[in-house]
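Sequential numbering of the first sequence, starting at 9, is according to our numbering.
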Amino acid sequence: MNPQKKLPRKFYTRDVHVVAKELLGKFLVRKTGRIFLTGKIVEVEAYDGSIDKAAHTYGGKTKRNEVMFNEGGFLYVYFTYGMHFCSNVVTGKLNEGSAVLIRAVEPADGIDQMAINRFGKNNISAFELKNLTNGPAKICRAFDIACSLNGIDLTGEEIFILDSPKLSANKIAASTRIGIKKSVDLPWRYYIKNNSFLSRK
DNA sequence: CCACGGATTGGCT
DNA sequence: GCCAATCCGTGGA
């Protein structure tokens, strides 16, 4: 697929692990007013609705997780720990219940606005830059993503993902997922090796 | 009705 | 390295 082109529905309706790995290196774009905030996706986790006890959809459909049962290409935003939002890209077929959690991005465009969203100022240190979007809830703060965007169509204008060349397999690493208590041994966290904006090594 | 705990973060010991 | 912050969906009584 061509660089700088918005990913179409059919990109998202495939297997969650395929989509998760191919999302690495692509650009998350958030339009707020006239400003575009963009960042390269460098770390994700796959949640497979059918067999994954850690997936929010494992126990069946509820009001909270119903967006995750859509077909691929919608945004699932959930609220957790009383103060944080996390963003997921829904994947697969209708009622499959699979999604990819976006855990870290490398800031690209609109960094000043991201810094304001996250730290309340646009003059940030090198440390703060690295700390801007290297975690799932940090991304939501910097990109101004909250529950009002839950269920939004990723093929629309407000938030979407731009294509870029597929990374070769040797640039991608896999590990167990972070922060979960169920299915802890599944190696379903994927990230770009040696990228300095990862949430962890 | 009420208690529990979570796909996290950041501040304090 | 440990733990509080802080909300609300969920599930059990």
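Note that beta-carbon positions come from the ideal geometry of N, C-alpha and C, so glycine has one too. In this text, all values refer to a predicted model and were calculated from it rather than measured experimentally.
Asked	Found
Residue 58 versus 76, 192 and 117, residue with shortest Cα-Cα distance	76
8 Å Cβ shell around residue 116 - same chain, five flanking residues per side excluded	35, 46, 47 and 48
Rounded C-alpha distance that separates residue 60 from residue 131	42 Å
Minimum C-alpha distance to residue 186 - residue among 112, 151 and 203	112
Pick from 162, 55 and 128 that is closest to residue 104, judged by C-alpha positions	55
Among 44, 205, 169 and 98, the one whose alpha carbon lies nearest that of residue 24	98
Collapsed DSSP secondary structure at residue 151 in the structure displayed	coil
Nearest candidate by alpha-carbon position, reference residue 50, set 31, 63 and 18	31
Residue 26 versus 52, 63 and 40, residue with shortest Cα-Cα distance	52
Given 8 Å, three or more beta-carbon pairs between the segment 139-158 and the segment 81-96	yes
Separation of residue 39 from residue 194, as counted between CA atoms	34 Å
Pair within 8 Å by beta-carbon distance, residue 108 and residue 125	no
Option in 141, 196 and 167 with minimal Cα separation from residue 207	141
Neighbourhood of residue 152 by C-beta distance below 6 Å, restricted to the same chain and skipping five residues each side	40 and 125
Buried versus exposed call for residue 43 [16 or more other C-beta atoms within 10 Å across all chains shown]	exposed
C-alpha gap between residue 29 and residue 128, whole angstroms	33 Å
Span of the beta strand (DSSP E) around residue 117	106-117
Where residue 135 falls, given that 16 or more other Cβ within 10 Å makes a residue buried	exposed
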